[in-house]
Amino acid sequence: MKNIIRISFSFIFCFYFTAVGQNNSAAIKSEGISKMQSGRYGEAIDLLNRYISANPQEASGYNLRGLCFEKRGEYEQAVYDFRSARKIKSNDKEINENLSRTTKAWYSLLYNKIEGHKREIAIDPSVAVNYLEIGKSYKNLGEWQLAEDWYDQYLLRDDASSDEIIRYTEILAKNGHIQKGEPILKRYCERFPNDHRLWSRYGYFTMWLGKIKIAIEAFENALALRPYFKEAMDGLDQALGKGYVYTINDTTARYNRATGQIESRKKAHEYLVDTYFRTIRNNPTDYFTRYKLVDELLKVNRLEEAFQQVTYLNKNDSTNAEKSYEYFTHVSAIRDSIYEARIEEYKTELVSNPNNTEALRELAYYYAKLQFYDDAIEKYEKYLAIMPQDTASTYSYALALSANREFTRAMEVTDELLKRNSSNNKYKLLRAQLGVWTLHDTDLSAEYLKDILSQEPQNVDALMSAITLKTVKREFDEAEEYLTQLKSFYTDENVIVKFESDLEFAKMRAEQERIMRLVDEGRQLAAQGDCQGAVGKFDEYMTYADPSSLVKIEYADLNVCAKNYDKALETYNEILDADS
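End of the sequence shown = 583 in the working numbering, gap-free, step of one.
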């Protein structure tokens, strides 16, 4: 009996709070509708967010919020909300009409956006972002082949972010162009080795091509970076023979049904690699953590980053010279063997297919990584003769020329890149650095560095180049300002101390040269018959320097010429006393 009473009480208790929750939700929805009726759509959206969170299976919440977004002209969010509502109530006439109306409005905006960017391209075809925006617009329209074509044009003109490569490969997957996407993903996994999404996507593409071993390794790399990443877990299961159907989704962002917003995906938590990177950014001389970072990077096959770290350690960790050298040789051996194998792979591919531009470009890339710059330059030149519009590879070509100390050619290539895209800060920085290294066109270098730092005040490479340039030009006040700017956030004491030392030495040298010029200026005045003016220059010189006996004799003679006989006699006596 007691049990029956207890169960009955629990049922009543649960029913009571369920009823209260439903009443609260109804009140929130009612208030949201009231805000809509008074035209306060932003406040209505906030209320409807709460309603949808409490009632995710109610179509009315999405429908009402979609109407709010429509009134605010936010058609993309409106379409997503009406689609969510239709999934729940597919036969609802009002929802279907709302979806049809907003889809037409959104698509109209997208087509107008496309035409606008096409006009921009007609004015200046070198601006890469216009091609990207057209590609994204066609993707939203579901015009997958057109989206791919415009993304292709974008990638020829700029280095893409990992987000854009994810979107691009989604388009390729929709179009069934898996073989085309696989080498691109491979390259970008090497360029962004800490992006778990790229590794996961590379896993799917290689798996679809039957390269199961490579796919398993790629999925494992993704999961090492981001454990429990569902897309990679599902892919690994499938690669290992456990059935699962992969659905192509945009993993760069997600539509939050609770808020109606398109949001970037958030990191679940910080992993060891990220922790170690953050630690050494705050304290670059924490070599102990840097060694641990190298170990973690090797575990997830992030070879290029591991190589950068051991190069730094080998150069800076003098207290553990044997350990740093051991790490450097170990990582270098692993990295070099893998890159050499890839070089052989692409060389073999070019023997069987000499027109394979992708293999030619990749071969140049790996030659440059291994510092075989002559070979890299040769391959880039062959590739660019076929694909001159590929600005990303043209930039890599300029970098290879620069690393090979072919500065004049590197300048010419970079100048050509700047003609195509005068606002690209990477091109400006390289051109400025070339000017600093060669002391050629230093005013142009100063202009480019100023432009970059006005947009990116914490660009370390630009600041270092600016400090060096201003020091060489003996514009010491500006060099000090740039150094202060660098010290405000950059914590590598070795670098800071070197810049401070170089600046102080340059100041001392400039001062010594200024003092020595006083003697020359005095002699010039004496030759012009201005003996008193010459004496003044020598007086100033001797306040800074301890003159030799020859300079003192010259000074005494000048005083005779200027009829300063007492001073001349005093100086002659000093010379005689010093010689006795």
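In this text, a Cβ means the ideal position worked out from N, Cα and C, and glycines have one as well. Note that the structure is predicted; figures quoted are calculated from it, not measured.
Residues in its own chain within less than 7 angstroms of residue 148 by CB, not counting five upstream and five downstream?
178
Own chain residues within Cβ distance below 6 angstroms of residue 409, not counting five before or after:
none
Burial state of residue 284 (16 or more Cβ within 10 Å):
exposed
Locate the alpha helix (DSSP H) running through residue 352, then write down its first and last residues.
324-355
Assign residue 290 to one of two classes, buried (16 or more other C-beta atoms within 10 Å of its C-beta) or exposed (fewer than that).
buried
With 16 other CB atoms within 10 Å as the buried threshold, where does residue 377 fall?
exposed
Does the Cβ of residue 569 have 16 or more other Cβ atoms within 10 Å, making it buried, or fewer, making it exposed?
exposed
Does any residue of chain C bring its CB to less than 8 angstroms from the CB of residue 523?
Although the question refers to chain C, the structure presented lacks it and comprises just one protein chain.
Would you check if the distance between the CB atom of residue 540 and the CB atom of residue 521 is smaller than 8 angstroms?
yes
Alpha helix (DSSP H) containing residue 471: first to last residue?
463-475
What's the call for residue 500, buried or exposed, on a 16-neighbour Cβ count within 10 Å?
exposed
Could you tell me whether the segment 115-132 touches the segment 153-163, where touching means 3 or more Cβ pairs closer than 8 angstroms?
yes
Name the residue from 442, 445, 352, 394 whose alpha carbon lies nearest to the alpha carbon of residue 421.
394
Short of 6 angstroms in beta carbon distance, which residues of its chain neighbour residue 486, apart from the five on each side in sequence? Order them along the chain.
470, 502
Name the residue from 286, 288, 296 whose alpha carbon lies nearest to the alpha carbon of residue 279.
296
Just to confirm, is the Cβ distance from residue 342 to residue 315 under 8 angstroms?
no
Would a C-beta distance cut-off of 8 angstroms place residue 176 and residue 206 closer than the cut-off?
no
Is the separation between the beta-carbon of residue 108 and that of residue 78 shorter than 8 angstroms?
yes
If you pair each beta-carbon of the segment 325-338 with each one of the segment 215-223, do three or more pairs fall below 8 angstroms?
no
For residue 199, does the three-state DSSP call read helix, strand or coil?
helix
Does the beta-carbon distance from residue 360 to residue 389 come in below 8 angstroms?
yes
Taking only three categories from DSSP, how would you classify residue 40?
helix
Report the CB separation of residue 561 from residue 537 in whole angstroms; it is logged as a contact under 8 angstroms.
5 angstroms
As assigned by DSSP and simplified to three states, the class of residue 291
helix
Grab the span of the alpha helix (DSSP H) containing residue 545 for me, first residue to last.
534-547
Under 7 angstroms Cβ to Cβ from residue 73, same chain only, skipping five residues before and after it: list those, please.
81, 105
By how many angstroms is the C-alpha of residue 282 removed from the C-alpha of residue 292?
7 angstroms
Please go through the same chain and pick out, in chain order, the residues whose beta-carbon is closer than 6 angstroms to the beta-carbon of residue 491, but skip the five residues on each side of it.
none
Segments assigned alpha helix (DSSP H), at least 4 residues, entirely inside the segment 73-108
78-91
To the nearest angstrom, how far is it from the Cα of residue 27 to the Cα of residue 113?
39 angstroms
Please state whether the Cβ-Cβ distance between residue 226 and residue 208 is less than 8 angstroms.
no
With DSSP collapsed to three states, give me the class of residue 566.
coil
Going by C-alpha to C-alpha distance, which of 127, 387, 84 sits closest to residue 423?
127
Cβ of residue 468 within 8 angstroms of Cβ of residue 452?
yes
Jot down the residue ranges of each uninterrupted alpha helix (DSSP H) in the segment 401-486, minimum 4 residues, whole runs only, in chain order.
410-423, 428-441, 445-458, 463-475
Is the CB-CB distance between residue 413 and residue 437 below 8 angstroms?
yes
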